[in-house]
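Data first, discussion second: the structure below is written as C-alpha cells.
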C-alpha cells in the first residue's frame, strides 16, 4: 500500500514541476560555478551624533583609515569582525517583537545620507552578505554616507507578511517593510545622524525586487534605487510557481504566508513592474547578466557545475523580468539606467561589480555623499 504524500511533499512536487517547465523554457545550459548563495535576497537635517569628549574605550580590531566620524560605538552596537569601522547593532522592532541585527558603517564625515543594502533569499542570521560575499564596507570606505545592512530575513522579500511563519522550529512574524521604513529610520537618525529623507536603497535578487518595491511605496524616504539581478515582475506567468518553490526549498515553510495565494492583492502590491508609475521620477540603476558563464565562472567540481546551472537559470529569469520592466517604464519619461552584461550568471562577484558602478553612476550624486578632503 502506497503511503500518502505529505502536504509538504505535494507542494514540493507541484512547484518543482512548474520550475522545471520554466527552466526548460529559459533553455540555457552552463558549465561554471559561481552561483553564490542566493536564489529566486521628514525633511530637515537631523543633528549628527556628537563624538564623546574622551577617546573611545575600544577601537575596532584592524580598523582601516580613514577614521573620521567612525571611531566610537553607538548605542546597542559592538565592533563587527568585518572591520572597516562597521558596527553590529541591535535595534528593537515593535512590529516583529524582537531585536533585529543591523550592520552599520557610519558616514566618514558625519554626513546625513544613508544607503540600505538588502540581502538575497538565503539571508543569514549572523551577517549581511554584502559584507562577506561582496565588499560593500570597502567600496564605501572613503565616502560620506552611512551603510545600513539589515541582518536576517531569509525568504522574506523584506515585506510585511500576512501571517507568522515557522522556520526551523522558530516562529517569525515578518514585518520587514514596517521595520525598514518606520522603526529603523528613527534609530539611524538618533545614533548615526541619517536623515529620514536622504536615503538610497539597493539589493540583489530577492533584495533587488524588494528595493524597487520599497522605493516605490516610500518616496519620502528613498531618493535612489539600485536593482541587481532582481525579479521585477513577480506576477508574471510562471513566477507564481518559481518564487514559492525557491522559498520552500530554502525555508521548508509556507511560502503563501507572505502575500497569500497566487493572484492575491499583496502580490501586485509588491510587484515593481506594476509600481512603475511611482518609479519614473527617481534615479534607478538596474543590471542583469546574460546567463552565459563569464569571468567569475570556472567550475572545478560536479557541485560547482550544478550550482552554475542554477545560476544560469536564475539569471535568465532575472534578465527577462528586467527587460519587461524596462519596456514598461520606458513608456513614459523616466530616470532609469539599464546595464546588461554580455556574460555573467546569478552570483556575488557580479553584484559586487554592480554596486561599485552604481556608487559612481547614481548613489553618491543622488545623495550628495562624496567625501570632502
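In mature numbering (1 follows the signal peptide of the UniProt record, and there is no 0), the protein residues as written are -36 to -1, 1 to 337. In this text, a Cβ means the ideal position worked out from N, Cα and C, and glycines have one as well.
CB of residue 193 within 9 Å of CB of residue 279, strictly: Yes, these two residues count as a Cβ contact at 9 Å.
Could you round the C-beta distance between residue 103 and residue 323 to whole angstroms and report it? I think they count as a contact, below 8 Å. 6 Å between Cβ atoms; contact.
For residue 139: DSSP bridge partner residues: Paired residue(s): 124.
Would you kindly work out how many angstroms separate the C-alpha atoms of residue 96 and residue 75, rounded to a whole number? Taken atom to atom, the span from the alpha-carbon of residue 96 to that of residue 75 is near 25 Å.
May I ask you to report which of helix, strand or coil DSSP gives residue 215? It is helical.
Count the other CB atoms within 10 Å of the CB of residue 135; is the residue buried (16 or more) or exposed (fewer)? Exposed, by the Cβ-count rule.
Rounded to whole angstroms, how far is the Cβ of residue 354 from the Cβ of residue 210, which I believe are closer than 8 Å? The question about residue 354 has no answer here: the residues shown for the chain are numbered -36 through 337.
Rank 198, 237, 93, 238 by C-alpha distance to the C-alpha of residue 167 and give the top, closest one. When only C-alpha atoms are compared, the closest one is 93.
Need the endpoints of the alpha helix (DSSP H) that residue 34 sits in, please. Premise fails: residue 34 is in no alpha helix (DSSP H) and is neither H nor E.
Name the DSSP beta bridge partners of residue 78, please? According to DSSP, residue 78 shares a beta bridge with 110, 163.
At least 3 beta-carbon pairs within less than 8 Å: the stretch 157 to 171 vs the stretch 182 to 190: Yes, they touch.
Is the Cβ-Cβ distance between residue 112 and residue 52 less than 9 Å? Taking 9 Å as the Cβ cut-off, residue 112 and residue 52 do not qualify as a contacting pair.
Could you pull out every unbroken alpha helix (DSSP H) segment of at least 4 residues lying fully inside the stretch 200 to 277, listed in chain order? With a minimum length of 4 residues, the continuous alpha helix (DSSP H) runs that stay inside the stretch 200 to 277 are 203 to 215, 220 to 223, 229 to 233.
From the DSSP output, in three-state form, read off residue 56 for me. Strand, per DSSP.
Would you kindly report the start and end of the unbroken beta strand (DSSP E) that includes residue 155? Not the beta strand (DSSP E): residue 155 falls in the alpha helix (DSSP H), residues 148 to 156.
Tell me the residue span of the beta strand (DSSP E) that contains residue 181. Segment 170 to 181 is the alpha helix (DSSP H) holding residue 181; no beta strand (DSSP E) there.
Under 6 Å Cβ to Cβ from residue 251, same chain only, skipping five residues before and after it: list those, please. Correct list, in chain order: 192, 303, 318.
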